[in-house]
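J.: My questions all concern the structure below.
Number of protein chains: 2
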Amino acid sequence: MIDEIKDAARRQLAEGGANLSLRAIAREMNMVSSAIYRYFASRDELLTALILDAYNALGEAAEQAGASVRDRDDHLGRWLAVARGVRAWATASPHEYALIYGSPVPGYEAPQDTVEPSIRPVVVLGAILEDAHDAGRLTTKGIQRPVPDLLPELAQIAAYIAPGVSEAVMARALIAWTELFGAISFELFGRFKNTITDLAAWYEHQARDMAAYLGLTAR
Amino acid sequence: MIDEIKDAARRQLAEGGANLSLRAIAREMNMVSSAIYRYFASRDELLTALILDAYNALGEAAEQAGASVRDRDDHLGRWLAVARGVRAWATASPHEYALIYGSPVPGYEAPQDTVEPSIRPVVVLGAILEDAHDAGRLTTKGIQRPVPDLLPELAQIAAYIAPGVSEAVMARALIAWTELFGAISFELFGRFKNTITDLAAWYEHQARDMAAYLGLTAR
DNA sequence: TCTCTTTTGAGAGCAGTGCTCTCGCTCTGG
DNA sequence: CCAGAGCGAGAGCACTGCTCTCAAAAGAGA
């Protein structure tokens, strides 16, 4: 039942726009609006559930894409696969992407349960980075060292994501990560309208350039 | 009068959250909701006006920040100033930033009038790039050439923004641009909660790294 | 099989929303 | 001085999230 409501909500989200209505969901299910409240205490709670699902779906997409590359030593290939997987999921479910990477909903405060699913994609990236580092193929030449102020927290992130890499490399990884999500947001939110038409090729270029920026190579 | 309504809307946006209510604006102005419709045909039209203002405010912030650097040959300094200026505006008016760089509102279709103000910041960046290129201080060594498919459109953007630079450099500029806005979005939308606390320092690091990535130097 | 309890949906209703319409008041130009 | 334009008030429509009560349905224990 809960799943049915969420499905209806997703459907409505997909074809209606961002603001979904409990009453419309109920209408679609031939129910009365108050019945929904048996399963979700409020609209926010439904939204939270959808957000959590979206995080997990994106995380799973990233994980599967990363795992699909046979040659585990092909770090560039793995990186590109994850990057493509993330974009594929985002373009396939743009509204769910907007739910988690768009402007936050007004009163909504992210519960603690969302932080673990939300970092699944960056964990995948971290594993690639770690493997590349272990294989001694992560060049750190000419890399810019962050100011001391940032080092402890970068080290903490690295310890969780890719224990072997330095703070400077971790910083670059976060930057590359930020760039990719910025690119997806720009694309989905229509920032490139009438500017770049082949958005897939443009994203591919960005992913490759960011991989080079990180020093990831094919072998 | 129109300005008064927009001011009230902005105020309400700032302290209320994303969804502003015409009736609440009217209430604040001791008016009745229907009176607002004398000045704005719909809520969307008000929103559009606010979006346009936000674009122009951000553009002006970027332009002023860029112009504030005396030494026009200090390309790194100019880049950093613009980057800081953009972030300063965004953190000062997060809701207006969300209006233009967050998830798009459902039925809203950006009118043609918004595209010119919306690219003002990237025009500022283009000028820096162009100056650096003219001064012969823009290294293109080891730069990744985009696939042929992308070249025409990149050339077109370059022709408008920074006529002298190559497609490959233009691509990097767009990537750096994307990264910076991704960073601001991540910060404002709370993606770094409990991860990085000194967000100003982190942004500064990113801006510097992106400048290096572009090859911008101080002299 | 017959109770008793829990679960579930329906319906009415409240306060709020965007928006439309009509009706008067006020202010201004000729 | 007075017609016409501009403006705000008020009522009203269809919609929203949400709360409440009440009656069926389902399940469990004897």
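So the protein lines, in turn, are chains A and B. In terms of my numbering, the first sequence opens at residue 133 and continues consecutively. In terms of my numbering, the second sequence opens at residue 133 and continues consecutively. All residues carry an ideal CB built from backbone N, CA and C; glycine is no exception. Given the structure is predicted, the values throughout are model-derived calculations rather than measurements.
Can you check whether the C-beta of Q144 of chain A is within less than 9 Å of a C-beta belonging to chain B?
T.: For Q144 of chain A, the answer is no, since every Cβ of chain B falls outside 9 Å of its Cβ.
J.: Mind checking if W334 of chain A is an interface residue toward chain B, Cβ cutoff 9 Å exclusive?
T.: W334 of chain A counts as touching chain B.
J.: Going along chain A, which residues have a C-beta under 7 Å from I307 of chain B?
T.: Chain A residues near I307 of chain B: E311, Q338, D341.
J.: Using a Cβ cut-off of 9 Å, pull out every chain B residue sitting near E285 of chain A, in sequence order please.
T.: Chain B residues near E285 of chain A: T327, I328, T329, D330, W334.
J.: Is I289 of chain B close to chain A, meaning its C-beta is less than 9 Å from at least one C-beta of that chain?
T.: Cβ-Cβ to chain A under 9 Å: yes for I289 of chain B.
J.: Measure the alpha-carbon distance for G268 of chain B versus H227 of chain A and round it to whole angstroms.
T.: If you take the alpha carbons of G268 of chain B and H227 of chain A, they lie about 45 Å apart.
J.: Under 9 Å between the Cβ atoms of W221 of chain B and A194 of chain B?
T.: Cβ distance < 9 Å, so W221 of chain B and A194 of chain B count as in contact.
J.: So L320 of chain B is in the alpha helix (DSSP H); what residue range does that whole segment cover?
T.: Its alpha helix (DSSP H) spans residues 299 to 320.
J.: Using beta-carbon positions only, say whether Y187 of chain B and L320 of chain B come within less than 9 Å of one another.
T.: For Y187 of chain B and L320 of chain B, no; Cβs fall outside 9 Å.
J.: Would you mind sorting P253 of chain A into buried or exposed? The rule is 16 or more other CB atoms within 10 Å of its CB.
T.: Buried, by the Cβ-count rule.
J.: What in chain A is Cβ-close to L282 of chain B, meaning under 8 Å?
T.: Under the 8 Å cutoff, chain A gives I328, D330, A333, W334, H337.
J.: Looking at chain B, which residues of the stretch 223 to 235 of chain A have a Cβ within less than 7 Å of any of its Cβ atoms?
T.: So the close ones are A230, G234, S235.
J.: Going by the beta-carbon positions, is the gap between I260 of chain A and V301 of chain A smaller than 9 Å?
T.: No, Cβ-Cβ distance for I260 of chain A and V301 of chain A is not below 9 Å.
J.: Could you check what DSSP says for A199 of chain A in three-state terms: helix, strand or coil?
T.: Note: A199 of chain A maps to helix in three-state DSSP.
J.: Got a sec? Which residues, its chain only, sit under 7 Å from P391 of chain A by beta carbon, not counting five neighbours each side?
T.: Outside the shown range of chain A, which is 133 to 351, sits residue 391 of chain A, and nothing can be said about it.
J.: Assess, as a yes-or-no matter, whether the stretch 197 to 212 of chain A is touched by the stretch 286 to 293 of chain A under the definition of 3 or more beta carbon pairs within less than 8 Å.
T.: Touching, no.
J.: Out of curiosity, what's the CA-to-CA distance linking T327 of chain A and N162 of chain A?
T.: In a straight line, the C-alpha of T327 of chain A is about 44 Å away from that of N162 of chain A.
J.: What would DSSP say about K325 of chain B, mapped onto helix, strand or coil?
T.: Three-state DSSP puts K325 of chain B in coil, outside helix and strand.
J.: Under the three-state reduction of DSSP, which class applies to G268 of chain B: helix, strand or coil?
T.: Of the three classes helix, strand and coil, the one that applies to G268 of chain B here is coil, per DSSP.
J.: Whole-angstrom Cβ separation of G314 of chain B and T223 of chain A, contact assumed at under 8 Å?
T.: Not quite, the Cβ-Cβ distance comes to about 17 Å (not below 8 Å), so this is no contact.
J.: Which residues in the same chain have their Cβ closer than 7 Å to the Cβ of T349 of chain A, if we skip the five residues on either side of it in sequence?
T.: So the qualifying residues of the chain are H207, L208, R269.
J.: Assign N188 of chain A to one of three DSSP states: helix, strand, or coil.
T.: If DSSP states are grouped into helix, strand and coil, N188 of chain A belongs with the helices.
J.: Where does D206 of chain B fall in DSSP's three states?
T.: It is coil, neither helix nor strand.
J.: Which residues of the stretch 180 to 191 of chain B have a Cβ closer than 9 Å to any Cβ of chain A? Give them in chain order.
T.: Residues passing the 9 Å Cβ filter: none.
J.: How would you list, in chain order, the residues of chain B whose beta-carbon sits under 7 Å from the beta-carbon of G258 of chain A?
T.: Ordered by position in chain B, no residue passes the 7 Å Cβ test against G258 of chain A, which lies about 13 Å from the chain.
J.: Near R277 of chain A, what residues of its chain come up, given a Cβ to Cβ distance below 6 Å and the 5 sequence neighbours on each side ignored?
T.: Correct list, in chain order: A300.
J.: Would you please state the rounded distance, in angstroms, between the beta carbons of L152 of chain A and Q144 of chain A? I believe it to be under 8 Å.
T.: So it is a contact: roughly 5 Å between Cβ atoms.
J.: In its own chain, which residues sit with a C-beta less than 6 Å from the C-beta of A294 of chain A, not counting the 5 before and 5 after it?
T.: G258, L261, E262.
J.: I'd like to know whether the C-beta of S298 of chain A is nearer than 9 Å to at least one C-beta of chain B.
T.: By this cut-off, S298 of chain A is not an interface position.
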